[in-house]
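Residue numbers (full-length UniProt numbering): 1 to 633.
Below you'll find the structure, written out as structure tokens, and then a few comments.
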Amino acid sequence: MLSRVKPGTSTITRFGKFTHNPLKKPFFSREALVLLLLRSSPTLTLPLLRQLHALLLVHGSSHVPHSQLLRAYVGNGAVRDALHVFDHMPRRSTFAYNSIIKGFVDLGRSSDALCFYNDMIREGFKADNFTYPLVLKACTGVSDIDRGREIHKCVEFEGVFSSNVFVRCALVDMYAKCGSLVAAREVFNEMPVRDLATWGAMICGTMQGGDWSEGLVLFRRMRSEGFGIDSAILATVIPACGRLGAPGLGMALHGLVVKFGVIGDLCVANALIDMYCKCGDTQIADRLFRTMEFKDVISWSSLIAGYLQNNEFAKSLGLFVEKMESGLTPNSVVIASIMPSVSELKLFKLGKEIHGYAVRRGHERDRFVASAVIGFYCKNGLMREAESIFRTVSDGDIAIGNSMITGYALQGDLDSATTTLRRIQEMGFRPDSVTIVSVLPLCNRFTMIDQGKELHAYATRAEFGSVVSVNNSLMDMYCKCGFVEFAKKIFDTMTERNTVTYNIVITALGMHGRGEEGIEFFDHMKEQSIEPDKVEHSTLGSTNPDMVKEVLSNKCGYYTKNDPNPHLQALLGKGLILINGQDWAHHRTAFTIDKLMLSSYSKNLQKWELERKVRNMLMQIIQARFESKECGC
1 MLSRVKPGTS TITRFGKFTH NPLKKPFFSR EALVLLLLRS SPTLTLPLLR QLHALLLVHG
61 SSHVPHSQLL RAYVGNGAVR DALHVFDHMP RRSTFAYNSI IKGFVDLGRS SDALCFYNDM
121 IREGFKADNF TYPLVLKACT GVSDIDRGRE IHKCVEFEGV FSSNVFVRCA LVDMYAKCGS
181 LVAAREVFNE MPVRDLATWG AMICGTMQGG DWSEGLVLFR RMRSEGFGID SAILATVIPA
241 CGRLGAPGLG MALHGLVVKF GVIGDLCVAN ALIDMYCKCG DTQIADRLFR TMEFKDVISW
301 SSLIAGYLQN NEFAKSLGLF VEKMESGLTP NSVVIASIMP SVSELKLFKL GKEIHGYAVR
361 RGHERDRFVA SAVIGFYCKN GLMREAESIF RTVSDGDIAI GNSMITGYAL QGDLDSATTT
421 LRRIQEMGFR PDSVTIVSVL PLCNRFTMID QGKELHAYAT RAEFGSVVSV NNSLMDMYCK
481 CGFVEFAKKI FDTMTERNTV TYNIVITALG MHGRGEEGIE FFDHMKEQSI EPDKVEHSTL
541 GSTNPDMVKE VLSNKCGYYT KNDPNPHLQA LLGKGLILIN GQDWAHHRTA FTIDKLMLSS
601 YSKNLQKWEL ERKVRNMLMQ IIQARFESKE CGC
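What follows is the structure, encoded as structure tokens:
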């Protein structure tokens with residue numbers, strides 16, 4: 001009878017009609033129940049699945065379809081029910097073990113999955129081409145590369161599965177995500193046939209390892225071999241353009257997003273917003289944000305952080321206001337994103353109120369919020385408040401310690417920074433690249449070249465040699481301590497450079513009277529398609545007066561002619577403003593110092609208005625929560 005019923009909803013509906021009449025004995029056989037289970041398990045809800053399971057037991061079926069029940073329960077995320085079925089199986093199989101392992105992996109319980117795999121091997125069952133990808137994914141989940149290598153040896157020993165594309169893809173993914181890109185490349189290069197998932201695993205692992213350029217090279221290779229793209233690969237590749245400061249390539253990828261029709265994918269849209277912000281084009285990022293049908297917390301926090309990165313603090317705070325006006329309560333990620341803008345705008349009272357709001361919402365121990373709040377207090381010189389928070393949450397994460405060290409560095413407090421660094425190590429945290437970048441400025445300030453060399457040695461041992469920010473900080477330290485040649489050696493070994501890298505070298509060469517070398521580095525930077533900024537222009541101008549006309553010419557985008565306005569000459573001479581040639585030529589007669597003052601005044605008014613709005617909305621949220629608690633009483 002049920003063989004004529006269409007799979008899916010109609011089958012489930014028919015089953016519901018049978019089971020909802022307790023007066024009638026259901027007229028269907030064990031075979032019909034099994035058929036129903038096989039056909040409808042992907043669409044069965046958990047209550048209906050349990051009901052079907054109970055009927056099998058009530059009607060005394062001699063052959064309960066354990067394997068199908070396992071698959072159905074695991075598909076619904078009900079691992080406990082699946083384990084109950086597994087425990088009552090008269091005879092177990094590799095399929096049954098695979099089902100339970102898959103359930104644990106899907107729920108993120110990687111340790112339990114590996115324990116179950118151990119039981120499976122101990123019971124004498126052999127792993128198959130479905131088992132290995134699951135347990136390798138579990139190794140990735142717990143970052144256990146040693147266990148992953150053991151499983152890799154088992155795969156090679158079996159021989160049968162060593163060429164299986166799914167097993168090889170899982171090996172690539174495991175090695176890449178566990179930080180062994182060399183092993184991942186070896187497995188990847190040995191594959192005779194690769195699919196899109198394998199390329200995606202290799203690209204994703206390379207990107208996670210921080211090798212953005214190599215990730216883009218792999219992406220180009222994949223496209224040249226005729227593979228298409230999916231949203232997951234695009235969401236992985238797009239951020240690399242932001243990290244490398246390559247807006248042209250980012251726009252090309254944006255075109256691919258539109259071409260392949262994945263512009264509506266939330267992860268891809270968020271990646272595009274982040275990329276445009278990191279490339280300095282917040283206008284396109286804002287337009288993209290406005291066109292998004294659905295936005296999540298990453299969408300809001302990406303644009304808020306993007307405005308912050310581009311020093312558009314008022315816009316960052318304005319978007320925070322907009323988020324609250326739309327009825328969305330700010331969570332820990334958004335609070336952490338907005339605190340630096342509040343700090344830069346010198347809104348001390350508002351910063352304290354947002355901190356209080358975070359405490360009332362239970363976010364005070366969140367590592368991102370704690371780091372941001374500590375940074376806020378440190379930047380405003382309120383070290384006692386920052387230290388109080390640090391003592392409360394210092395056991396949470398290395399990032400919190402980094403914020404405290406950065407704060408001491410800002411205040412020039414060498415002893416406290418050193419003590420905090422020692423305390424972090426005693427708590428078992430390993431200083432990361434951010435820690436190195438935070439401590440090195442103190443070596444600059446106090447000309448502590450020996451301590452700087454020790455940090456350089458630690459960075460080398462910790463394999464931070466490919467991190468651009470660490471290399472830039474080391475170069476800056478050596479240059480300011482007078483060891484320009486050491487800085488140049490680091491420059492020569494860098495595989496990735498940015499504008500800051502060239503700023504440091506050109507500035508140091510100029511300060512040491514080596515202007516011609518500085519010009520050579522400037523030319524090299526242009527050859528590498530890295531756009532010079534205002535720092536390079538002003539640095540070159542002071543390095544070699546003959547270069548001023550070239551540096552400030554319309555070719556570089558800046559006005560060079562003398563202007564009669566003495567106020568503007570003073571500002572230009574001090575490097576406080578640099579004005580585009582065409583814009584200034586058009587507006588020069590109307591541009592006065594009074595308008596500069598008026599602009600500053602209007603910005604302050606805007607800032608105060610934003611502060612008032614944020615304060616009012618925070619009070620409304622708190623009041624509403626208080627009233628809801630009173631109603632509950």
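Every residue gets a Cβ at the ideal spot worked out from N, C-alpha and C, and that includes glycine.
- For residue 419, the uninterrupted alpha helix (DSSP H) segment begins and ends at 414 to 426.
- Note on geometry: alpha-carbon atoms of residue 191 and residue 139 lie some 21 Å from one another.
- Residue nearest to residue 530 within the set 398, 439, 307, 279 is 279 (criterion: CA-CA distance).
- When 212, 346, 357, 336 are compared, the shortest CA-CA separation from residue 374 is found for 336.
- Residue 409 sits in a helix when the DSSP states are folded into three classes.
- DSSP places residue 481 in the coil class of the three-state scheme, outside both helix and strand.
- The C-alpha of residue 355 lies about 12 Å from the C-alpha of residue 371.
- Restricting attention to 387, 439, 435, 390, the CA atom closest to the CA of residue 412 is found in 439.
- Taking the Cα positions, residue 322 is about 16 Å away from residue 285.
- The C-alpha of residue 68 is placed about 16 Å away from the C-alpha of residue 47.
- Per the Cβ contact rule, the region 261 to 279 is in contact with the region 304 to 322 (3 or more Cβ pairs under 8 Å).
- Three or more pairs of CB atoms, one per stretch, sit closer than 8 Å, so the region 459 to 472 contacts the region 485 to 496.
- Cα atoms of residue 420 and residue 454: separation of roughly 17 Å, rounded to the nearest angstrom.
- Taking 8 Å as the upper bound for CB-CB distance, residue 266 and residue 296 are in contact here, some 6 Å apart.
- Collapsing the DSSP output to three states places residue 119 in a helix.
- It is roughly 14 Å from the alpha-carbon of residue 496 to the alpha-carbon of residue 209.
- Counting the other Cβ atoms within 10 Å of the Cβ of residue 247 gives 16 or more, which makes it buried.
- Separation of the CB atoms of residue 414 and residue 379 is rounded to 18 Å, and the pair is thereby denied contact status at 8 Å.
- Of the candidates 184, 132, 511, 168, the residue whose Cα lies closest to the Cα of residue 175 is 184.
- Annotated as distal: residue 114 and residue 72, with beta-carbon spacing of 8 Å or more.
- Membership of residue 257 in the alpha helix (DSSP H) is indicated by the continuous run 247 to 259.
- Counting along the chain, residue 191 sits inside no alpha helix (DSSP H), nor does DSSP assign it H or E at all.
- Residue 253 has its alpha-carbon roughly 11 Å from the corresponding atom of residue 219.
- No Cβ-Cβ contact shorter than 8 Å links residue 345 with residue 328.
- Excluding its 5 nearest sequence neighbours in each direction, residue 363 has C-beta neighbours in its own chain below 8 Å: 331, 332, 335, 369, listed in chain order.
- In this structure, DSSP gives residue 361 a state outside helix and strand, which the three-state scheme calls coil.
- Scanning its chain for C-beta atoms nearer than 7 Å, with the 5 sequence neighbours on each side dropped, one finds no residue around residue 513.
- If you check the CB distance, residue 258 and residue 272 do not come in under 8 Å.
- In this structure, DSSP gives residue 434 a helical state, which the three-state scheme calls helix.
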